[in-house]
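Novice: Residue numbers (the working numbering), protein chains in the order written: chain A, 2 to 209; chain B, 2 to 209.
We put the beta carbon where it would ideally sit given N, CA and C, even for glycine.
Being a predicted model, the structure only gives us computed values, none of them experimental.
This is the structure I want to talk about, given as structure tokens.
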DNA sequence: TATAACCTGTATCAAAAGATACAGGTTTTA
DNA sequence: TAAAACCTGTATCTTTTGATACAGGTTATA
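In structure tokens form, the structure reads like this:
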């Protein structure tokens, strides 16, 4: 099955006309690891839909980062989505974490189709709502929870997501997920280890 | 001009058919000051559009709050919007700050119309995008800026919004806007006054 | 006009978060 | 296999944030 058909199936695009349009204007692209898909302060010209691979989306300033979310196959980057409906610069960054297969749709069509095709409307709306609710959660978390709680929550959700008690991330990667410094992460993890909550290895954390 | 016509004009609803539908199912309601429109953990059954008045939307836990945004006339609550597209509980609170005139639309129709009527599609999409981008900004702010900077930014934006250097808010109100405690606000404001950035009065802050 | 309900100011202490610095480990790659 | 590029651990110090406590001011309202 080719990538376009994969896409149609995954997001339930049955309208033949829409399939034709996507096939015609959608640009299939294989992007290497560690490539920027969306970059802060740059204009967005495409909506990227991830078919294979994994893209990390985050906010950052000079020396800090905080994760917004990961885009996994057959999700779309709602950020580019938001920027897609108006003609403006990105306020976020997105970068491939593995080699990634994308289908790129010119922004102009994204909103056009959302009124023309029901399945496209549903796809964009759903994507948007999911990111919005995620962001709300993260916002509240940031506003009211301490770093140690945020870290533990993150580890637990990773563990749950991967169905494994072992998390293979370095301390600095963790710091960049939750918006703090490497030293804080080391300090807190060590305390968790003393508390018997987890055990530490090289680039490896095991929840007990 | 009645409230429905106000609405049609403000958000550019020209389709006669949509006007008819809104008039038929939309419920005009005048809500007193300090009434919850949306409440955390409760189901949302209506999309509320503010015609007159002002609604505050925030996140909170037991003892703290942080502002999400205000809904001013002819805006809609994008939160209820988000919850509107799926059938789920609210993660936020919204309360009138003045007597407020609302038009309430049953949630089922909100997504239905977004595909049926172009102007409705544009209205909901735009509302959504604006809140999303606001929230992104606030998220980054929370992640990377200290309380004193967040407070000063807030004061400046209030001042700009109201076109006046004077802000009539109490310290505890400010604390609930930016997600900190009353004492922090008092402390920081006093420091700002010593620095000659502003002057303090009773429920009154003047930016210099 | 008295009382309650807010509001401001401030001092002290404790906890959380961050910055700096350095020692020494592991992995990658040239 | 040596060097470079990461990674972890930890100690110290500073800054930021928050909690507690109390004095006294202003405003609303009964």
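Please report the distance separating the alpha-carbon of residue 100 of chain B from that of residue 58 of chain B.
Specialist: Sequence index remark: in the second chain, residue 100 of chain B carries index 99 (1-based). Sequence index remark: in the second chain, residue 58 of chain B carries index 57 (1-based). Taking the straight line from one Cα to the other gives about 15 Å.
Novice: What do you reckon, are the CB atoms on residue 60 of chain A and residue 147 of chain B nearer than 9 Å?
Specialist: Here the question's residue 60 of chain A lines up with position 59 in the first chain. Here the question's residue 147 of chain B lines up with position 146 in the second chain. It is not a contact, given that the beta carbons lie outside the stated cut-off.
Novice: Mind pulling the chain B residues with CB within less than 9 Å of residue 128 of chain A?
Specialist: Against the first chain, residue 128 of chain A aligns to sequence position 127. Near residue 128 of chain A there are no residues of chain B at all, since even the closest Cβ is about 11 Å away, more than 9 Å.
Novice: Who are the Cβ neighbours of residue 39 of chain A in its own chain at under 7 Å, not counting the five residues just before and after it?
Specialist: Numbered from 1 along the first chain, position 38 holds the residue referred to as residue 39 of chain A. Here the set comprises 45, 78, 80, 81, 91, 93, 94, 95.
Novice: Looking at the C-beta of residue 141 of chain B, does it have a partner C-beta in chain A at a distance below 9 Å?
Specialist: For the purposes of this step, residue 141 of chain B is taken as the residue at position 140 of the second chain. At least one chain A Cβ lies under 9 Å of residue 141 of chain B.
Novice: Going along chain A in order, which residues have a C-beta closer than 7 Å to the C-beta of residue 158 of chain B?
Specialist: Taking the second chain and counting its residues from 1, one reaches residue 158 of chain B at position 157. Here the premise fails: no neighbours, minimum Cβ distance about 17 Å.
Novice: By alpha-carbon positions, which one of A:106, A:150, A:170, A:128 ends up nearest to residue 30 of chain A?
Specialist: Taking the first chain and counting its residues from 1, one reaches residue 30 of chain A at position 29. Per the Cα distances, A:106.
Novice: Nearest CA to the CA of residue 149 of chain A: which residue from A:184, A:23, A:47?
Specialist: If you number the first chain from 1, residue 149 of chain A lands on position 148. Closest by alpha carbon: A:184.
Novice: Leaving out five residues before and five after residue 193 of chain A in sequence, what residues of the same chain have Cβ atoms less than 6 Å from its Cβ?
Specialist: Taking the first residue of the first chain as position 1, residue 193 of chain A is located at position 192. 199, listed in sequence order.
Novice: Suppose the cutoff is 8 Å on Cβ atoms and the five residues either side in sequence are ignored; what does the same chain contact list for residue 26 of chain B look like?
Specialist: To locate residue 26 of chain B, count along the second chain from 1; it is residue 25. So the qualifying residues of the chain are 106, 107, 110.
Novice: Is the distance from the Cβ of residue 114 of chain B to the Cβ of residue 8 of chain B below 9 Å?
Specialist: Working through the second chain from its first residue, we reach residue 114 of chain B at position 113. Working through the second chain from its first residue, we reach residue 8 of chain B at position 7. In this structure, residue 8 of chain B does not lie closer than 9 Å to residue 114 of chain B by Cβ.
Novice: If you measure beta-carbon to beta-carbon, which residues of the stretch 114-128 of chain A are closer than 8 Å to chain B?
Specialist: Per Cβ criterion, the list reads 115, 116, 119, 122, 126, 127.
Novice: Quick one: is residue 26 of chain B near chain A, going by C-beta distance under 9 Å?
Specialist: The sequence position of residue 26 of chain B within the second chain is 25, counting from 1. For residue 26 of chain B, the answer is no, since every Cβ of chain A falls outside 9 Å of its Cβ.
Novice: Determine whether the Cβ of residue 186 of chain B lies closer than 9 Å to any Cβ atom of chain A.
Specialist: Taking the first residue of the second chain as position 1, residue 186 of chain B is located at position 185. It does not; no Cβ of chain A falls within 9 Å.
Novice: At a CB-CB cut-off below 8 Å, which residues of chain B make contact with residue 134 of chain A?
Specialist: In the first chain, residue 134 of chain A corresponds to position 133, counting from 1. Neighbours of residue 134 of chain A on chain B, chain order: 83, 92.
Novice: Note down, one range per segment and in chain order, each beta strand (DSSP E) of at least 3 residues found wholly within the stretch 34-62 of chain A.
Specialist: Whole beta strand (DSSP E) segments, 3+ residues: 37-39, 47-53, 56-61.
Novice: Return yes when the Cβ of residue 71 of chain B is within less than 9 Å of the Cβ of residue 98 of chain B, no when it is not.
Specialist: On the second chain, position 97 is the one that residue 98 of chain B refers to. On the second chain, position 70 is the one that residue 71 of chain B refers to. Result yes, Cβ atoms of residue 98 of chain B and residue 71 of chain B sit closer than 9 Å.
Novice: How would you list, in chain order, the residues of chain A whose beta-carbon sits under 7 Å from the beta-carbon of residue 62 of chain B?
Specialist: In the second chain, counting from the first residue as 1, residue 62 of chain B sits at position 61. In chain order: 145.
Novice: Residues of chain B with CB closer than 9 Å to the CB of residue 65 of chain A, please, in chain order.
Specialist: By 1-based counting over the first chain, the position of residue 65 of chain A is 64. Correct list: 144, 145.
Novice: Excluding five sequence neighbours on each side, which residues of the same chain lie with their C-beta closer than 6 Å to the C-beta of residue 66 of chain A?
Specialist: One-based indexing of the first chain puts residue 66 of chain A at position 65. For residue 66 of chain A, where only same-chain residues beyond five positions count, the Cβ hits under 6 Å are 59, 177.
Novice: Does any C-beta atom of chain B lie closer than 9 Å to the C-beta of residue 180 of chain A?
Specialist: Counting from 1 along the first chain, the entry for residue 180 of chain A is found at position 179. Taking Cβ atoms only, chain B reaches closer than 9 Å to residue 180 of chain A, which makes this a yes.
Novice: Measuring CB to CB, does residue 155 of chain B end up less than 9 Å from residue 175 of chain B?
Specialist: The residue you call residue 155 of chain B lines up with position 154 of the second chain. The residue you call residue 175 of chain B lines up with position 174 of the second chain. The answer is yes: Cβ separation under 9 Å.
Novice: DSSP puts residue 207 of chain B in a beta bridge; with which residues?
Specialist: For this step, residue 207 of chain B is matched to residue 206 along the second chain. Partner(s): B:167, B:200.
Novice: Under 8 Å by Cβ, that's how I've got residue 12 of chain A and residue 124 of chain A pegged, so tell me the actual separation to the nearest angstrom.
Specialist: Position 11 of the first chain, counted from the start, is the residue given in the question as residue 12 of chain A. Position 123 of the first chain, counted from the start, is the residue given in the question as residue 124 of chain A. Sure, about 5 Å apart at Cβ, within 8 Å.
Novice: Of all the CB atoms in chain B, is at least one closer than 9 Å to the CB of residue 48 of chain A?
Specialist: Here residue 48 of chain A refers to the residue found at position 47 when the first chain is read from its first residue. Not one chain B Cβ lies under 9 Å of residue 48 of chain A.
Novice: Which of the three DSSP states is assigned to residue 118 of chain B in this structure?
Specialist: To locate residue 118 of chain B, count along the second chain from 1; it is residue 117. Of the three classes helix, strand and coil, the one that applies to residue 118 of chain B here is coil, per DSSP.
Novice: By the criterion of Cβ-Cβ separation under 9 Å, what are the contact partners of residue 137 of chain A in chain B?
Specialist: Position 136 of the first chain, counted from the first residue, corresponds to residue 137 of chain A. Under the 9 Å cutoff, chain B gives 60, 69, 80, 83, 92, 93, 136.
Novice: What are the partner residues of residue 1 of chain A, as DSSP defines its beta bridges?
Specialist: Residue 1 of chain A cannot be examined here, being either before or after the span of chain A that is shown, 2 to 209.
Novice: Go through the stretch 90-116 of chain A residue by residue and report every complete run of the beta strand (DSSP E) that reaches 3 residues or more, in order.
Specialist: Counting whole runs of 3 or more residues, the stretch 90-116 of chain A contains the beta strand (DSSP E) stretches 94-97, 101-107.
Novice: Does any residue of chain B bring its CB to less than 9 Å from the CB of residue 112 of chain A?
Specialist: Taking the first chain and counting its residues from 1, the one referred to as residue 112 of chain A is at position 111. It does: the Cβ of residue 112 of chain A has a partner Cβ on chain B nearer than 9 Å.
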